[in-house]
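The block underneath contains the structure these notes are about, expressed in structure tokens.
2 protein chains.
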Amino acid sequence: MKVKVLQNILSANDQLAAKNQELLSQNKVLAVNIMSSPGAGKTSLILETIKKLRDRVRIAVIEADIASTIDADRIIKEGVPAVQINTGGQCHIDANMISNALESVSLAKTDLLLIENVGNLVCPAEFKIGAQKNVMLLSIPEGDDKPYKYPLMFTTVEAVIISKMDYLPLSDFNLSAFYRAVKGLNPKAKLFQVSCKTGEGIPDWVAWLESQLKGS
Amino acid sequence: MKVKVLQNILSANDQLAAKNQELLSQNKVLAVNIMSSPGAGKTSLILETIKKLRDRVRIAVIEADIASTIDADRIIKEGVPAVQINTGGQCHIDANMISNALESVSLAKTDLLLIENVGNLVCPAEFKIGAQKNVMLLSIPEGDDKPYKYPLMFTTVEAVIISKMDYLPLSDFNLSAFYRAVKGLNPKAKLFQVSCKTGEGIPDWVAWLESQLKGS
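Chains B and W, in that order, are what the protein sequence lines are. At position 108 of the first sequence (counting the first as 1) the number is 108 in our numbering, and the numbers step up by one without a gap. At position 110 of the second sequence (counting the first as 1) the number is 110 in our numbering, and the numbers step up by one without a gap.
Listed below in structure tokens is the structure:
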């Protein structure tokens, strides 16, 4: 008699995440889950991405925070549709929140959906939300030792965006040590060096996003 | 017949936190729970505090991270006893972890126990660990809007330490807006402006800590 092995029994969250992803793919929407510590510059990167891509790509944004609508307000000011999720204390987005938020997004009119997760280097890495791409920002002032302290986040993502490069001259951040640490955890990770203040590296990041759009 | 109202039924974590606090107080140890985002400078502040106070105060440190012993190693190099907690994925310290860690601390030989929580502005605020004082750092590069986005953390603490003040000239951080936001949530919060790089504000912070030691 053979023992029955039940594989791929997804958790309720993962099942819902898979449904979200199916809905997005059916509508030819590329969703990007953007994660980082608080204040690493997620919203600023989204605003710069909008500036560069808005003429040729239809963008929508989902913003998530414990509280407040500060970030969605900043996006809407740019004339881009944005939905704000308030998690009410929860330290990450889950698939159910995205499922609800997607009801307020015009998927037929969207090519690229940028999802800003709650500022947190831990829990967002543990919860799939249905985005096709997961990326993270690590800002220069946070220091180059973060891959050792928050390894799951660095292994979960396809791209690591080093932000606030304009702070580098003031900092003891060791870029080559950081690259080594990231590549040790996640050899395939794509790395970008950007500054939303000077514009450094934004074209590379945007070009990568566009290449992902073409692939989707 | 009167309805019996059960009040103050503490959760298992809160019960254990109360026990930790009792043990600390019996041993005349002041424990300070230090919280912030990843990379806001908790370890650097602890190292500066050690430098200023080590001649007259017996200090011990508990370091917590998801993974690695980088921070405890830095403390031990200074000749100060340090215990590293690896939470193995958990995004905050809980009372049970501190209860276990306290077994490795010589309480009879300690006046001040500095506890560095996991880098996270959300969950550490929700879990009592038994420290008599809870404080947080917010670094200049994180931005002045964080009290609106992470209100619980800012209401939980007795002191808010604005760190990396040396980055202020490069930043659009509005100090008076930040003070207003913090005071709106937590009128009694004590605020400090520090830079571990220039030494700015460290004496004020250390003087406050010493006044708390005398009160304990």
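Yeah, the Cβ is synthetic: ideal placement off N, Cα and C, and Gly gets one too. Source: prediction; values computed, not measured.
- For the region 66-83 of chain B, which residues have a CB atom closer than 9 Å to at least one CB atom of chain W, in sequence order? Listed by position, the residues of the region 66-83 of chain B near chain W (Cβ gap below 9 Å) are Ile66, Ala67, Ser68, Ile70, Asp71.
- Message: Report the start-end ranges of each beta strand (DSSP E) in the region 124-163 of chain W that is 3 residues or longer and not cut off at the edges.
- Response: The region 124-163 of chain W contains these whole beta strand (DSSP E) runs: 133-139, 159-163.
- Message: Taking the beta strand (DSSP E) that Asp31/W belongs to, which residues open and close that run?
- Response: Counted from its first residue, the second sequence places residue 31/W at position 31. Note on residue identity: the sequence assigns Ala, not Asp, to residue 31/W. Segment 30-35, the beta strand (DSSP E) holding Ala31/W.
- Message: Distance check for Gly39/B and Lys305/W, CA to CA, integer angstroms please.
- Response: With chain W covering 1 to 216 only, the question about residue 305/W has no answer from this structure.
- Query: Just how far apart, CA to CA, sit Ala159/B and Ala67/W?
  - Reply: Residue numbering aside, residue 159/B sits at position 159 when the first sequence is read from its first letter. Residue numbering aside, residue 67/W sits at position 67 when the second sequence is read from its first letter. Distance between the alpha carbons of Ala159/B and Ala67/W: 21 Å.
- Query: Run through DSSP, which three-state label would Val71/W get?
  - Reply: Within the second sequence, numbered from 1, the residue matching residue 71/W stands at position 71. The identity of residue 71/W in the sequence shown is Asp, whereas the question assumes Val. Residue state, collapsed to three classes: helix.
- Between the region 184-206 of chain W and chain B, which residues of the former have a C-beta closer than 7 Å to a C-beta of the latter? Result list empty, no residue passes.
- Could you give the distance in angstroms between the alpha-carbon of Lys133/W and the alpha-carbon of Cys196/B? In the second sequence, the residue the question calls residue 133/W occupies position 133. In the first sequence, the residue the question calls residue 196/B occupies position 196. Going by the C-alpha atoms only, they are around 37 Å apart.
- Query: Hey, which unbroken runs of the beta strand (DSSP E) at 3 residues or more fall wholly within the region 40-116 of chain B?
  - Reply: With a minimum length of 3 residues, the continuous beta strand (DSSP E) runs that stay inside the region 40-116 of chain B are 59-65, 82-86, 112-116.
- What is the DSSP secondary structure of Lys197/W, counted as helix, strand or coil? Taking the second sequence and counting its residues from 1, one reaches residue 197/W at position 197. Of the three classes helix, strand and coil, the one that applies to Lys197/W here is coil, per DSSP.
- Cα separation between Met35/B and Trp205/B? Along the first sequence, one-based indexing puts residue 35/B at 35. Along the first sequence, one-based indexing puts residue 205/B at 205. Taking the straight line joining both Cα atoms gives about 15 Å.
- Note down, in chain order, every chain W residue with its Cβ under 8 Å from the Cβ of Asp166/B. The count along the first sequence starts at 1 and reaches residue 166/B at position 166. Neighbours of Asp166/B on chain W, chain order: Leu170.
- Query: Within the 8 Å Cβ cut-off, does Glu116/W reach chain B?
  - Reply: Within the second sequence, the letter at position 116 stands for residue 116/W. Look at Glu116/W: its C-beta is not under 8 Å from any C-beta on chain B.
- Determine the direct distance from the alpha carbon of Glu103/B to that of Pro141/B, and round the result to whole angstroms. As a position in the first sequence, residue 141/B is number 141, starting the count at 1. As a position in the first sequence, residue 103/B is number 103, starting the count at 1. Their backbone Cα atoms lie some 37 Å apart in a straight line.
- What residues match up with Lys230/B in a beta bridge as DSSP calls it? Here chain B covers residues 1 to 216 and nothing more, so residue 230/B does not appear.
- To the nearest whole angstrom, what separates the beta carbons of Asn20/B and Ile98/B, a pair I think is in contact under 8 Å? Residue numbering aside, residue 20/B sits at position 20 when the first sequence is read from its first letter. Residue numbering aside, residue 98/B sits at position 98 when the first sequence is read from its first letter. Sure, about 5 Å apart at Cβ, within 8 Å.
- Query: What in chain W is Cβ-close to Asp14/B, meaning under 9 Å?
  - Reply: To locate residue 14/B, count along the first sequence from 1; it is residue 14. Listed along the chain, the chain W residues whose CB falls inside 9 Å of the CB of Asp14/B amount to none; the nearest CB is some 17 Å away.
- Message: Please report the distance separating the alpha-carbon of Arg54/W from that of Leu121/B.
- Response: Locating residue 54/W in the second sequence gives position 54, where the first residue counts as 1. Locating residue 121/B in the first sequence gives position 121, where the first residue counts as 1. For Arg54/W and Leu121/B, the gap between their C-alpha atoms comes out near 33 Å.
- What do you reckon, are the CB atoms on Ala72/B and Thr110/B nearer than 8 Å? The residue given as residue 72/B occupies position 72 in the first sequence. The residue given as residue 110/B occupies position 110 in the first sequence. Taking the C-beta atoms as reference points, Thr110/B is found no nearer than 8 Å to Ala72/B.
- Please classify Asn120/W: does DSSP put it in a helix, a strand, or coil? Residue numbering aside, residue 120/W sits at position 120 when the second sequence is read from its first letter. Looking at Asn120/W - three-state DSSP - the assignment turns out to be coil, as it is neither helix nor strand.
- Task: Would you check if the distance between the CB atom of Val118/B and the CB atom of Cys91/B is smaller than 8 Å?
- Result: Locating residue 118/B in the first sequence gives position 118, where the first residue counts as 1. Locating residue 91/B in the first sequence gives position 91, where the first residue counts as 1. Going by C-beta atoms, Val118/B is nearer than 8 Å to Cys91/B.
- Query: Count the other CB atoms within 10 Å of the CB of Lys188/W; is the residue buried (16 or more) or exposed (fewer)?
  - Reply: Residue 188/W sits at position 188 when you count from the first residue of the second sequence. Its Cβ having fewer than 16 others within 10 Å, Lys188/W is exposed.
- Query: Is the beta carbon of Leu113/B less than 8 Å from the beta carbon of Leu45/B?
  - Reply: Within the first sequence, numbered from 1, the residue matching residue 113/B stands at position 113. Within the first sequence, numbered from 1, the residue matching residue 45/B stands at position 45. No, the pair does not count as a contact, with Cβ atoms beyond the cut-off.
- Message: Taking only three categories from DSSP, how would you classify Ser211/B?
- Response: Here residue 211/B refers to the residue found at position 211 of the first sequence. Three-state result, Ser211/B: helix.
- Query: List, in order along the chain, the chain W residues whose C-beta lies closer than 7 Å to that of Leu121/B?
  - Reply: What you label residue 121/B is simply residue 121 of the first sequence in a count that begins at 1. Going along chain W in sequence order, the residues near Leu121/B (Cβ under 7 Å) are Pro38, Gly119.
- Can the beta-carbon of Asn13/W be found closer than 8 Å to that of Ala131/W? In the second sequence, counting from the first residue as 1, residue 13/W sits at position 13. In the second sequence, counting from the first residue as 1, residue 131/W sits at position 131. Cβ distance not < 8 Å, so Asn13/W and Ala131/W don't count as in contact.
- Task: Please report the Cβ distance between Phe192/W and Ile161/W, rounded to the nearest whole angstrom; I am assuming they are in contact, meaning their Cβ atoms lie under 8 Å.
- Result: Translated into positions along the second sequence, residue 192/W becomes position 192. Translated into positions along the second sequence, residue 161/W becomes position 161. 5 Å between Cβ atoms; contact.
- Does DSSP put Phe173/W in a helix, a strand or coil? As a first step, residue 173/W is located in the second sequence; it is residue number 173 there, counting from the start. In this structure, Phe173/W counts as coil in the three-state DSSP scheme.
- Item | CB contact check: Ser11/W to chain B, cutoff 8 Å | Reading the second sequence from its first residue, position 11 is the one you call residue 11/W. Ser11/W has a beta carbon lying at 8 Å or more from every beta carbon in chain B.
- Below-8 Å beta-carbon distance, Glu142/W vs any chain B residue: Translated into positions along the second sequence, residue 142/W becomes position 142. Glu142/W counts as touching chain B.
- For the candidate residues Ala101/B, Leu47/B, Lys164/B, Asp172/B, whose alpha-carbon lies nearest to that of Lys77/B? As a working note, residue 77/B is residue 77 in the first sequence. Ranking Ala101/B, Leu47/B, Lys164/B, Asp172/B by Cα distance to Lys77/B puts Leu47/B first.
- Can you name the residues of chain B whose CB is closer than 9 Å to the CB of Leu152/W? Here residue 152/W is taken as the residue at index 152 of the second sequence, counted from 1. Within 9 Å Cβ-Cβ: Ile66, Ala67, Gly89.
- Give the straight-line distance between the Cα atoms of Val57/W and Asp65/W, rounded to the nearest whole angstrom. The count along the second sequence starts at 1 and reaches residue 57/W at position 57. The count along the second sequence starts at 1 and reaches residue 65/W at position 65. Spanning the alpha carbons of Val57/W and Asp65/W requires a straight line of approximately 25 Å.
- Can you check whether the CB of Pro124/B is closer than 8 Å to the CB of Ile75/B? The residue given as residue 75/B occupies position 75 in the first sequence. The residue given as residue 124/B occupies position 124 in the first sequence. No, these two residues do not count as a Cβ contact at 8 Å.
- Item | Start and end residues, alpha helix (DSSP H) containing Asp14/W | Sequence index remark: in the second sequence, residue 14/W carries index 14 (1-based). Residues 12-26.
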